[in-house]
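This note's numbering puts the first residue of the sequence shown at 1, with every later residue one more than the last.
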Amino acid sequence: MVCLKIRNGCILVAVIFVSVLLLPVPTQTIQNKYSICLLKEGLEHAYNGEFDASDKYFDDFTKLEPNSPIGYWRKANNRLARIRSDEGAKYEPTITEEKYDEIAAIIDTGIEKAKLKIAHNEDVGFNNYVIASSLGLKAAFQKGAGMSKLTYVPTGQEMMKYARRSDYPDAKFLVALTNLKLDEQPFYIKWALKGLGQYIPPRKESLRMMRQAAENNDGFFVDDIWLVLFVETKDKSSSEAEKLETEKLYEYLTKYPKNEAVLKYAKKHGKPIPPEK
């Protein structure tokens, strides 16, 4: 598949040479090859930290696929990634309540569309994952907007419910990422959670679960997992085997030459800056 972008006027010409059956379609309800092209371009810009360009592609995707939750979900994901980048990879963003209301509206629209898909028995596993991921974003924004634990903790619990209900491979990653963040909490919080029956696996177990979710996964969003895994391990690899795995992951991710984590790793380890496409 080749997408030719023409920036004069908002024109995008898609020239498709590959049958839709050969594309890594995230959901069976997206059959329009032009929509898939827009989604792929939007993801590539997002992974390269070009969020304005990415949003435009997701907007165009949503116009073509008004019943799909994907465009809303990815735009909300862009908001979190942009703020985290501006704030130095902070997990929870810092936003005003007014900004939260704007982002929450995007998230809630996507969730409602995913629920409608599930009600019609369309791609149930995938749409449960979209809801789970969207709720995770919402909980992060709720915390960043200064809301109380009585608000964002139940949202996080709802996220885990949908993630565990999904058989989509990326849902396993979401559970592992949540466990990883719980393991990073202060001792007294982990102690309280364990007292409530919450099992928090060791860091290595959560990272292994993430990797298992990504391996043999030809889904459209698998690079979400590889990028998070790279961010979580690039400065914490200790053994030679771990360093080798990190190196392999870096080589794979150089296809996103503007990605902040990729560039930082290249500079720190004296590697040539990945050439832009």
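We treat Cβ as the ideally placed atom computed from N, Cα and C, and that holds for glycine. All of these numbers come straight from a predicted model, not from anything done at the bench.
TODO: In angstroms with no decimal places, state the Cα-to-Cα distance between Y152 and C37.
DONE: 35 Å
Open item on the list: My parser needs the alpha helix (DSSP H) runs of 4 or more residues fully inside the stretch 29-62; what are they?
Closed with: 33-47
Open item on the list: Please state the DSSP three-state secondary structure of G270.
Closed with: coil
Open item on the list: Using the three-state DSSP reduction, which class does E158 fall into: helix, strand or coil?
Closed with: helix
TODO: Tell me whether Y252 is buried or exposed, calling it buried when 16 or more other Cβ atoms sit within 10 Å of its Cβ.
DONE: exposed
Task: C-alpha gap between L22 and F220, whole angstroms - done: Summary for L22: the model assigns pLDDT 34, below 50, so the residue's position carries little reliability; its value from the coordinates is reported in the next sentence. One C-alpha to the other measures close to 12 Å.
Open item on the list: Determine whether the beta carbon atoms of Y129 and A171 lie at a separation below 7 Å.
Closed with: yes
Open item on the list: Distance check for Y168 and K56, CA to CA, integer angstroms please.
Closed with: 27 Å
TODO: Kindly give me the distance between the Cβ atoms of I103 and K115, rounded to whole angstroms, as I take these residues to be in contact under 8 Å.
DONE: At roughly 19 Å, the Cβ-Cβ gap does not stay under 8 Å, so I103 and K115 are not in contact.
- [ ] Decide yes or no for the touch test of the stretch 38-52 against the stretch 217-234: beta carbon pairs closer than 8 Å, at least 3 of them.
- [x] yes
Task: Run of the alpha helix (DSSP H) containing K138, from where it starts to where it stops - done: V124 to G144
Task: Limits of the alpha helix (DSSP H) - the one that K190 falls within - done: F187 to G195
Open item on the list: So for P257, helix, strand or coil by DSSP?
Closed with: coil
TODO: Going by CA-CA distance only, name the one from G144, G146, N179 and A145 that's closest to Q157.
DONE: N179
Task: Burial state of E240, where buried means 16 or more other Cβ atoms lie within 10 Å - done: exposed
Task: CA nearest to the CA of F144, picked from I273, I95 and K264 - done: Position check: residue 144 holds Gly in this sequence, whereas Phe was assumed. When only C-alpha atoms are compared, the closest one is I95.
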